[in-house]
Amino acid sequence: MKEKKVDVAIIGGGPAGLAAAAKLAGDGIGNILIIERNEWLGGILEQCIHDGFGLEIFKKSLTGPEYADYYIRKVKKLRVPCLLSSMVINLSRDRVLTVARKGELLAVRAKAVILAMGCRERTRGALCIPGTRPSGIYTAGVAQNLINLKNWMVGKRLVILGSGDIGLIMARRFTLEGAKVLAVVEKLPFASGLERNVVQCLNDFGIPLLLERTVVDVHGRARVSSVTIAKVGPCGRPIRGTERKIACDTLLISAGLIPENELSRGAGVILDERTVGPLVNEFYETSAKGIFTCGNVLHVHDIVDWVSFEAERLAFGVKEYLKKGCIAPSKIDVKAGGGLKYVLPQRVSGARTVEFAMRVDQPGRNRAVVFRDNGRIIRRFTFNRVSPPEMIRAKLEESDFKGIKMLSVDIER
Amino acid sequence: MKYDIIIIGAGVVGSAVARELSRYKFRVLVLEKENDVAYGSSGANSGVIHAGFNVPPGSLKAKFNVEGNRIFPRLARELSVPFKRIGKLVVARNKTERSRLEELKDIGVKNGVPGLRVIGKKELRRLEPRIEGEAALYVPSAGVTSPFLFTIALAECARENGIKFRFGEKVIGIKKTQCGFIVRTSAGLFRSQVVVNSAGICADEIARMAGINRYRLYPNRGEYLILDKRFGNLVGRMIYPVPLKGAPGLGIHITPTVDGNILLGPSDAFIKDRSDTRTTASVFSRLIKEAEEMLPSLPREAFIQGYAGIRPKRVSARMKGFRDYVIEEDPKVSGFFNLTGIESPGLTAAPAIAKYVTSLILKSLSAGKKAAFKAALKKETRFAELSLRDKKRRIRKLPRCGEIVCRCEQVTKEELRDAVKGAFGIPSLAAIKIRTRAMTGRCQGGFCSPKIIEMLDKEFGLNKENLILKTKESYLLACRTKDLRR
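So the protein sequences, as listed, match chains A and B. According to numbering that gives the first Met the number 0, the first sequence holds residues 0 to 412 in order. According to numbering that gives the first Met the number 0, the second sequence holds residues 0 to 485 in order.
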């Protein structure tokens with residue numbers, strides 16, 4: 000097998016991989032290789048033709064392709080080699096990648112690997128939605144791909160299950176195209192997508208958001224003819240007698256994203272049950288030495304700007320690793336406590352300033368994020384409002400870590 | 000054109016009969032109402048090659064099951080179809096069930112099933128550490144195959160040997176004349192000497208068209224859940240409960256598929272509408288609950304898809320007792336061969352049934368053997384299943400084939416192209432799915448389905464009407480962007 004030796008192999012040429020490559024190459028790391036399964040760089044951004052990207056980094060609203068283009072130009076200018084239409088089919092713990100592409104099977108031996116594979120959408124099957132199996136059931140991202148990249152409309156009368164951001168964006172997109180979005184159905188008592196998307200994509204177009212409801216049945220033999228929705232009780236189960244049939248030709252599913260960690264698992268990388276992404280330290284190194292990760296494969300982000308920032312922080316870790324051959328041991332465990340879905344990184348060294356990312360499990364006003372060591376409060380950050388779709392970021396300084404054994408984070412009133 | 004034999008239905012039985020008949024110099028036509036083979040129950044079952052311990056001795060079911068199991072390995076090799084003799088464990092939870100194991104074993108022994116053995120708790124633990132149970136009947140001869148690839152291979156082999164297939168032709172009338180049959184379909188008229196009715200769940204309707212009113216089929220639905228391949232190693236063998244006496248199914252079992260997934264199911268429920276293959280929330284939770292009793296560590300977030308198949312049963316919910324397969328030339332309508340009620344173990348039995356039916360036909364219709372009959376069908380192993388070294392070799396031989404389109408199942412672009420070219424009817428997504436496994440993984444086509452649709456559109460020039468999921472009416476795309484604004 001043809002073999003290639005690199006300093007850094009980046010799996011995935013989406014926003015995470017590109018930003019990491021741009022930062023590393025910009026800082027003088029020479030031998031980088033991006034491996035991308037699509038025939039283009041930019042990942043999912045290429046099909047996100049709406050705007051709202053880049054407000055944090057560029058202080059202006061860009062479309063997905065524009066945002067991606069900034070990084071694509073950067074890596075091209077820095078002459079970072081990219082393998083396009085190339086699928087990594089295996090990653091070993093000692094950082095050997097097997098890459099399949101037209102005409103060759105490559106072994107790439109890397110000093111450091113960056114996992115930047117992004118995420119996939121939760122499907123109808125994973126949600127176990129019963130009913131018939133007609134055509135016309137799409138995940139929101141697949142519909143977005145077909146409509147924005149291939150100019151195909153998947154349907155004319157739609158029900159959208161789940162109020163994730165892609166679903167909300169697609170509700171607007173379909174409406175602008177002249178299709179009718181009959182309802183967005185959300186199981187939780189609040190939207191899963193960002194507030195701004197609820198306002199701009201649903202409210203502005205008069206599309207109803209039906210909370211605490213879910214799709215319980217799909218009808219139609221050949222093509223979707225209707226779906227049955229029902230109210231859900233507090234334990235998440237549909238309530239009998241609340242069923243309502245909505246005639247439609249399409250069911251879009253926007254009910255969550257799952258970090259795509261099959262390669263990580265294969266390499267023996269330990270995953271966090273909460274994020275479904277790898278456990279990392281503040282250098283974004285996983286449990287496997289020299290394997291780093293950032294972006295949606297680590298945890299699902301709400302806005303791409305945070306992915307780019309995260310990739311830059313990761314680049315620091317990768318450089319440290321390449322310089323010293325290892326990363327300073329991280330001995331302090333970080334535990335997500337009450338009110339939090341997760342906190343990241345899950346382990347820190349205590350030797351330097353760390354930016355934590357976390358998500359609350361329910362919306363609230365006037366909440367505090369409290370960092371403690373064995374009950375002793377280290378820091379308290381207050382927020383006017385918190386909500387699950389929005390990632391919270393909070394920084395602890397090097398001095399905060401003095402004498403700490405175990406760190407816990409809670410949401411308090 | 001006048002045919003010697005018309006076969007109605009291209010399920011596993013019809014396709015097996017077609018292949019068997021293709022050994023002889025008969026002119027044979029297969030009429031299938033759907034767009035592809037294995038559309039009905041043949042494509043929606045457990046994919047199990049049964050051993051034959053659960054069918055009454057002396058019955059056709061027992062005979063063809065045991066014979067089918069015996070000839071299957073060779074046939075699978077011949078047709079390049081995957082087959083794994085992984086074995087089966089019928090697990091008893093208590094003393095009463097344990098005594099039933101001995102009964103099952105005795106039936107199996109009478110039927111000629113080899114290697115049956117009742118094992119204790121300790122050995123069960125050793126074989127399947129995650130399974131709860133007191134004892135088990137170990138059935139080493141049971142195996143698994145791909146019901147899709149098997150049916151496709153049978154039909155392709157038949158086609159290579161000169162059998163004609165017509166898809167999308169629903170039989171709507173059959174007339175017996177002095178010199179044979181006139182079969183009317185949605186598209187035209189076809190004449191033949193002999194008709195083989197292998198229409199699965201519709202076999203009673205087809206028989207009625209020929210004036211045979213003796214059969215009635217009662218549709219019984221079985222629902223399944225499919226687990227992510229990540230959990231494919233939870234069990235190594237098929238895990239069955241001890242079947243309830245008189246139950247319409249074998250009980251909800253845990254089946255490792257030949258492709259590395261695990262299936263839970265099937266349920267059994269009599270339904271009114273024989274085409275009603277929907278799944279239901281109540282059965283999904285029952286499948287999980289019953290599977291958990293045997294496999295307490297069953298993960299909850301493991302499912303990637305559900306499906307349902309229909310058993311063509313000859314007994315209704317109210318009727319009791321055993322009904323055997325009907326495999327005979329109709330006593331009143333000569334030349335009309337009924338293959339009715341071919342439910343489980345139909346997949347296993349199909350090759351043996353085909354041989355038997357062929358011998359019956361040869362009694363009334365004679366033909367010489369084809370010298371050029373090709374029994375084998377050479378097919379490349381799927382890229383995903385090759386070792387790293389063989390993958391490399393394959394790419395060196397066919398430089399175009401390294402490009403992977405379906406990530407979850409590692410399906411290459413070349414394999415997709417071959418599937419499109421080899422499809423019998425319109426190359427629907429379902430046809431591509433069952434041939435390649437693209438879109439059957441954990442992301443269910445999230446990454447590859449737009450690419451496959453684009454390939455069908457751009458490379459193969461399929462128009463919007465032919466970009467379909469499965470049936471002709473199951474269109475994928477409503478219109479072009481901007482169309483609704485015009």
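Note that beta-carbon positions come from the ideal geometry of N, C-alpha and C, so glycine has one too.
DSSP bridge partner residues for residue i (one or two, in chain order)
| i | result |
| --- | --- |
| A:ILE165 | Paired residues: none, contrary to the question. |
| B:MET491 | No statement about residue 491 of chain B is possible, as the shown extent of chain B runs from 0 to 485 and does not include it. |
| A:ALA246 | A:SER225 |
| B:TYR474 | B:ILE467 |
| A:VAL368 | A:PHE380 and A:ILE410 |
| A:PHE52 | A:LEU61 |
| A:TYR341 | A:ARG358 |
CB contact flag (residue i, residue j, <8 Å)
| i | j | result |
| --- | --- | --- |
| A:LEU77 | A:ALA15 | no |
| B:ASN34 | B:ILE48 | no |
| A:VAL184 | A:ARG212 | yes |
| B:ILE394 | A:GLU35 | no |
| B:PHE336 | B:ASN196 | yes |
| A:ARG220 | A:THR131 | yes |
| B:SER40 | B:GLY250 | no |
| B:ALA246 | B:VAL138 | no |
| B:PHE446 | B:ARG416 | no |
| B:LEU468 | A:TRP151 | no |
| B:TYR2 | B:PHE189 | yes |
| B:ARG183 | B:GLY172 | yes |
| B:VAL234 | B:ILE5 | no |
| A:GLY289 | A:ARG100 | no |
| B:LEU148 | B:ALA15 | no |
is_contact[residue i, chain C] using C-beta, thresh 8 Å
| i | result |
| --- | --- |
| A:PRO133 | The structure shown contains no chain C; the protein chains it does contain are A and B. |
Partner residues on chain B for residue i, Cβ-Cβ distance less than 8 Å
| i | result |
| --- | --- |
| A:GLU354 | Those within 8 Å of A:GLU354 in chain B number zero; the least Cβ separation is about 30 Å. |
Contacts of residue i in chain B (Cβ-Cβ under 7 Å)
| i | result |
| --- | --- |
| A:SER84 | GLU402 |
| A:THR138 | GLY445 |
Same chain, Cβ closer than 6 Å to residue i, neighbours up to 5 away in sequence not counted
| i | result |
| --- | --- |
| A:PHE282 | GLY316 and ILE326 |
| A:PRO344 | VAL279, ASN280 and GLU281 |
| A:VAL215 | THR227, ALA229 and PRO237 |
| A:GLU65 | none |
| A:GLY363 | VAL385 |
Amino acids of chain A, ordered along the chain, whose beta-carbon sits closer than 8 Å to that of residue i
| i | result |
| --- | --- |
| B:ILE253 | Correct list: empty, because the minimum Cβ distance to chain A is about 17 Å. |
| B:PRO449 | VAL141, ASN144, LEU145, LEU148 and LYS149 |
| B:GLU127 | By Cβ distance, chain A contributes nothing, its closest Cβ being about 23 Å from B:GLU127, past 8 Å. |
| B:PHE283 | CYS127 and PRO129 |
| B:THR480 | ILE146, ASN150, TRP151, MET152 and GLU176 |
| B:ILE452 | LEU145, LYS149 and TRP151 |
| B:ILE467 | SER134 |
Where residue i meets chain B, residues with beta-carbon distance less than 9 Å
| i | result |
| --- | --- |
| A:THR122 | ILE303, GLN304, ARG441, CYS442, GLN443, GLY444 and GLY445 |
| A:ALA435 | No answer is possible for residue 435 of chain A: it lies beyond the span of chain A, which begins at 0 and ends at 412. |
| A:MET169 | Here the premise fails: no neighbours, minimum Cβ distance about 13 Å. |
| A:MET0 | LEU387, ARG388 and LYS391 |
Contacts of residue i in chain A (Cβ-Cβ under 9 Å)
| i | result |
| --- | --- |
| B:THR279 | PRO129, GLY130 and ASP216 |
| B:ALA268 | Under the 9 Å cutoff, chain A gives no residues; its nearest Cβ is about 13 Å from B:ALA268. |
| B:GLN409 | MET86, ILE88 and ALA99 |
Same chain, Cβ closer than 8 Å to residue i, five either side skipped, listed in chain order
| i | result |
| --- | --- |
| A:TYR341 | ASP271, ARG273, THR274, HIS298, ALA335, MET357 and ARG358 |
| B:THR411 | PHE382, CYS400, GLY401, GLU402, ILE403 and VAL404 |
| B:GLY421 | GLU155 and ARG434 |
| A:ARG366 | GLY338, VAL359, THR381, PHE382, ARG384, VAL385, ILE410, GLU411 and ARG412 |
Own chain residues within Cβ distance below 7 Å of residue i, not counting five before or after
| i | result |
| --- | --- |
| A:ALA19 | ILE9, ILE113, ALA115, CYS293, ALA310, LEU313 and ALA314 |
| B:ASN64 | HIS49, GLY51, VAL54, PRO344, THR347 and ALA348 |
| A:LEU145 | TRP151 and VAL153 |
Contacts that residue i makes with chain A (C-beta to C-beta distance below 7 Å)
| i | result |
| --- | --- |
| B:TYR474 | SER134 and ARG222 |
| B:THR470 | ALA221 |
Positions along the stretch 235 to 269 of chain A whose CB lies within less than 9 Å of some CB in chain B: PRO237, ASP248, THR249, ILE257, GLU259, GLU261 and ARG264
Under 8 Å, CB to CB, which of the residues in the stretch 101 to 126 of chain A have a partner in chain B? LYS101, GLY102, GLU103, LEU104, ARG119, GLU120, THR122, ARG123, GLY124 and ALA125
Contact residues within the stretch 142 to 166 of chain A, judged by C-beta distance below 8 Å to chain B: ASN144, LEU145, ILE146, LEU148, LYS149, ASN150, TRP151, MET152, VAL153, GLY154 and LYS155
Under 7 Å, CB to CB, which of the residues in the stretch 380 to 406 of chain B have a partner in chain A? LEU387, LYS390, LYS391, ILE394, PRO398, ARG399, GLY401, GLU402, ILE403 and ARG406
Against chain B: residues of the stretch 35 to 46 of chain A by CB proximity under 8 Å: ARG36
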